[in-house]
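To start, the structure under review is shown below, and the notes come after it.
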Amino acid sequence: MAHFTKATSVKDWFNQRLAIEKVEKVMGSEYWIPKNINFLWAMGMILAITFALLLVSGIFLLMYYQPNVNLAFDSVNYTIMKEVDFGWLWRHIHGVAASVVFLIIYIHMFTGIYYGSYKKGREMIWISGMLLFVTFSAEAFSGYMLPWGQMSYWAGMVITNLFSGGSLHADGLVEWIRGDYVPAQAFLNRFFMLHVLLIPLAILGLIGLHFASLRIPHVNNQDGEEIDFEAESKKYLAGDKAGSKVIRFANDFMSKDMMVVGVYLVFFFYLVFFNYDFAMDPVNFDPADGLKTPAHIYPEWYFLWSYEILRPFSVNIGLIAFAFAQVIFFALPFLDKSPNTIPASRRGLFKYWFWAMLIDMIVLTAMGKVPPSGVFSTIGFWAALTFIALWIALPFITKREKAV
Ligand code: HEM
């Protein structure tokens, strides 16, 4: 047993039992962050804060939500929105956060791609990040089912149908997932469980893994500089704060982060109070009706790019292309063969690859929203092909890149 002495303060009492001073050093005052990073490195903190907003608002919504096909719609649109004091506020916060979190995730991902932050020891950061992307997608989809409106029902129908595997006709699998022939009570119950328990638990664990995977390689920087964190932190601790290339995470870097977080929260609450309807589909304000298919079924904006990769092809090819789009980002650290961890602007052909991928995904998103006919269908088809071609080209163009 360790040696315990009479505590001299409350802090000392905890310190002897939980080593809080050591934890504080490892997580804060001696967690070293490069000086040369810009506001884009605040996106991770913004994501963590948005997730906290989702958790808190979700807990309040859970107090009045009814996971029953006859009651769910009214419990959201009547009880929470009209009867419960400030119910509307929690719903707006939850709805806006669910949409905005994807905007920030995409900015965070593309920052990582631009600066090559998935390379040389940072592969696990990328992989845990991608696992977070997938779990957030599952969380958003399962949450979309809960108000039991027309879009909940029909998006649930379309997405679960994908599991029939086209001409494989795995209809048994689809029924097994739904717990019925069509989305009904069993379906709502299991998606409710996934949304409020299993997926949030997985997200919490993955955030832990994501943070842990950052600890050894440290965060990257905007100049692609290889920083010797040990030497630079020694310099800092010896008093040469100006000469050192690193600063402490807490409270130095945190205060910089919080400035960006503050600007973000102004934008966030502007949306919550004045523009919340952008995050809510009008069709979902009609109760679910299995006998009335909406004229045009589409997912929320953040899924449109991958939906548009599914749509322009025949069923089987579409499913393969869709599956490809879901998993290919995981492979990025292994498909990028270049030894350089530097910004894309200094990386030969990769510079064009980066911008082509970004623009292509924006085009796919725009085309996913409009009905698949005429010129839109042609643009969607070529954009989907471009997406696949860019991924196939990646190892070849990066292999030829000169080491900088
Ligand atoms: C959704 C929850 C997520 C949270 C809470 C989160 C949080 C963070 C935090 C706090 C950092 C360090 C500071 C920063 O660079 O912003 C970070 C870094 C990073 N994250 Fe995430 N992240 C999330 C999702 C993702 C996703 C979806 C990806 C992409 C696949 C990703 C990839 C990365 C990468 C590559 C870094 C390293 C950046 C660097 O070294 O410069 N993260 N994340």
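Note that the numbering used here has the sequence shown beginning at 793, numbered continuously upward.
Glycine is no exception: its CB is placed at the ideal position from the N, C-alpha and C atoms.
Look at the alpha carbon of residue i and the alpha carbon of residue j, and state the distance between them as a whole number of angstroms.
| i | j | result |
| --- | --- | --- |
| F1061 | A1148 | 33 Å |
| M937 | R883 | 15 Å |
| A1197 | F1126 | Beyond the ends of the chain as shown, which are 793 and 1196, falls residue 1197; an answer cannot be given. |
| A1158 | L845 | 28 Å |
| N830 | L810 | 35 Å |
| D866 | K798 | 59 Å |
| V974 | Q942 | 14 Å |
| G887 | F928 | 14 Å |
| L832 | P1164 | 35 Å |
| V1107 | L960 | 11 Å |
| W1145 | A1185 | 9 Å |
| G948 | I1171 | 27 Å |
| S1005 | I917 | 5 Å |
| Q808 | T800 | 11 Å |
| S1137 | Q1014 | 11 Å |
| G1196 | K1129 | Sequence inspection shows Val at residue 1196; the Gly mentioned does not correspond to that position. About 14 Å. |
| K1143 | V926 | 26 Å |
| S1036 | K1026 | 8 Å |
| E813 | H795 | 17 Å |
| I999 | M873 | 31 Å |
| S934 | F1059 | 26 Å |
Would you mind sorting residue i into buried or exposed? The rule is 16 or more other CB atoms within 10 Å of its CB.
| i | result |
| --- | --- |
| W968 | exposed |
| S944 | buried |
| V988 | buried |
| P1074 | exposed |
| A870 | It should be noted that the sequence gives Tyr, not Ala, for residue 870. Exposed, by the Cβ-count rule. |
| D1049 | buried |
| I991 | buried |
| G1166 | exposed |
| F1065 | exposed |
| L1029 | exposed |
| D1152 | buried |
| A1080 | buried |
To which residues does DSSP link residue i through a beta bridge?
| i | result |
| --- | --- |
| W824 | R1040 |
| G941 | P1079 |
Problem - Inter-stretch contact (C-beta, 8 Å, three-pair minimum) for the region 816 to 829 and the region 1000 to 1020 - result: Contact check between the region 816 to 829 and the region 1000 to 1020: three or more CB pairs, one atom from each, fall below 8 Å, which counts as touching.
Exercise for the section: Take every Cβ of the region 904 to 912, pair it with every Cβ of the region 972 to 982, and state whether three or more of those distances are shorter than 8 Å. Expected result: Touching, no.
Problem - Any 3 or more C-beta pairs closer than 8 Å across the region 891 to 907 and the region 1107 to 1117 - result: No, the region 891 to 907 does not touch the region 1107 to 1117.
Problem - 4 or more residues per run - each alpha helix (DSSP H) lying fully within the region 1082 to 1112 - result: Complete alpha helix (DSSP H) runs here, min 4: 1096 to 1102.
Handout entry: Cβ contact check for the region 952 to 959 and the region 1036 to 1056: 3 or more pairs under 8 Å
Key = Touching, no, given that fewer than three Cβ pairs across the two stretches are closer than 8 Å.
Exercise for the section: Please go through the region 1015 to 1071 and give each complete alpha helix (DSSP H) segment of 4 or more residues, from N-terminal end onward. Expected result: Uninterrupted alpha helix (DSSP H) stretches at least 4 residues long and entirely within the region 1015 to 1071 occur at 1021 to 1029 and 1046 to 1066, given in chain order.
Exercise for the section: List in chain order: all unbroken alpha helix (DSSP H) runs of 4+ residues lying wholly within the region 833 to 870. Expected result: Fully enclosed alpha helix (DSSP H) runs of 4 or longer: 835 to 854.
Problem - Validate contact between the region 1097 to 1107 and the region 1159 to 1175 using beta carbons, cut 8 Å, 3 pairs - result: Three or more beta-carbon pairs separated by less than 8 Å link the region 1097 to 1107 to the region 1159 to 1175, which places the two stretches in contact.
Exercise for the section: Could you name each continuous beta strand (DSSP E) segment of 3 residues or more that falls completely within the region 928 to 1010, going from the start of the chain to the end? Expected result: The qualifying runs do not exist here; there are none.
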